[in-house]
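Residue numbers 44 to 291, in my numbering, belong to the letters of the sequence shown in order.
Glycine included, every Cβ here is placed at the ideal spot set by N, Cα and C.
Below is one structure, written out as structure tokens; the observations come after it.
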Amino acid sequence: MPSTGDEEENLPLVWQKIEQSIIRSIDVRFNEFGDKLDNLIAGQQILEERIGGVENKAVNHEQRIKVMETSLEELRQQNKTLRSKLSDLEGRSRRNNLKIVGIPEGEEKGRPTDFVSHLIPKLFGAEHFDKPLAVDMAHRSLQPKPPDGSKPRTIIAKIHSLQDKEKIIRLGRQRTVEYGGRRIFIFPDYTAEVMEQRRSFKEIQQTLREKNIQHSLRFPARLHVHHQGQVKAFSSPAEAKNFVEKEL
Numbered sequence: 044m045p046s047t048g049d050e051e052e053n054l055p056l057v058w059q060k061i062e063q064s065i066i067r068s069i070d071v072r073f074n075e076f077g078d079k080l081d082n083l084i085a086g087q088q089i090l091e092e093r094i095g096g097v098e099n100k101a102v103n104h105e106q107r108i109k110v111m112e113t114s115l116e117e118l119r120q121q122n123k124t125l126r127s128k129l130s131d132l133e134g135r136s137r138r139n140n141l142k143i144v145g146i147p148e149g150e151e152k153g154r155p156t157d158f159v160s161h162l163i164p165k166l167f168g169a170e171h172f173d174k175p176l177a178v179d180m181a182h183r184s185l186q187p188k189p190p191d192g193s194k195p196r197t198i199i200a201k202i203h204s205l206q207d208k209e210k211i212i213r214l215g216r217q218r219t220v221e222y223g224g225r226r227i228f229i230f231p232d233y234t235a236e237v238m239e240q241r242r243s244f245k246e247i248q249q250t251l252r253e254k255n256i257q258h259s260l261r262f263p264a265r266l267h268v269h270h271q272g273q274v275k276a277f278s279s280p281a282e283a284k285n286f287v288e289k290e291l
């Protein structure tokens, strides 16, 4: 058995080895921690760069969206203006048109323009027309020809003179007209938009008729009211109604 003295002499050496082992272990752990910390810092920097890039893109997208919204609003306004002009042009191109409803298919015998120019004086009386009625063109509506016995297609005719066209409309409102024993209807050929605008004045026109006040609905939808030697023009039913309630 070794002596106690030898053990005491070897004890500092043992503690030294333990100390060195602990120090090496700590160094390894610190090195590992340092590596992980470096990796974390590097990852943080990459993340910050990516976030910065995303923020820059977001700012860029916001600017582009604002530009697109401004452009879209401009396009909306341009579209609104163009639609208004298109509607006006279409309405004016139809201004002299008539729609004749109820004429049996084939009566025009392939010459619709000549047919309409002779039809109108026959329906209303030649005494209302001091010269032959000039018709620029006429045709059936563009639907397929219906089977025999079905409702005939409408005839659309462009009257050369606006004055003659208005006269025909006026005569059509004053009397019932027939062709071959069948009732015939004649209407202006307005666009759907113009028709809607004109229908909006229906109530106020009824009021004016009940009050026996002279008035007229001018193209496309402008109400003229004769009052105390003057003519008042209204572009909206609300304006006309307000005038009638206050002044008439």
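H258 in three-state terms, based on DSSP
Here DSSP, grouped into helix, strand and coil, assigns H258 to strand.
Do the stretch 133 to 147 and the stretch 224 to 244 make contact, defined as three or more Cβ pairs closer than 8 Å?
yes
Could you check the C-alpha separation between F73 and V57 for me, to the nearest Å?
24 Å
CA-to-CA distance, E62 to L83, given in whole angstroms
31 Å
What are the complete alpha helix (DSSP H) segments, minimum 4 residues, inside the stretch 147 to 229?
155 to 167, 205 to 217
Cα separation between S259 and V268?
Rounded to whole angstroms, S259 and V268 show a C-alpha spacing of 7 Å.
Where do the N-terminal and C-terminal ends of the alpha helix (DSSP H) with F286 fall, by residue?
280 to 290
Between E221, L176, Q106, A181, which lies nearest to S204 when the distance is taken from Cα to Cα?
L176
Would you check if the distance between the CB atom of N103 and the CB atom of K208 is smaller than 7 Å?
no
Which of the three DSSP states, helix, strand or coil, is assigned to R126?
DSSP places R126 in helix when its eight states are reduced to three.
Rounded straight-line distance, which links the Cα of Q121 to that of A283
30 Å
Just to confirm before moving on: does the CB-CB distance between Q240 and A264 stay below 7 Å?
yes
May I ask you to list the residues that DSSP assigns as paired with V144?
F228
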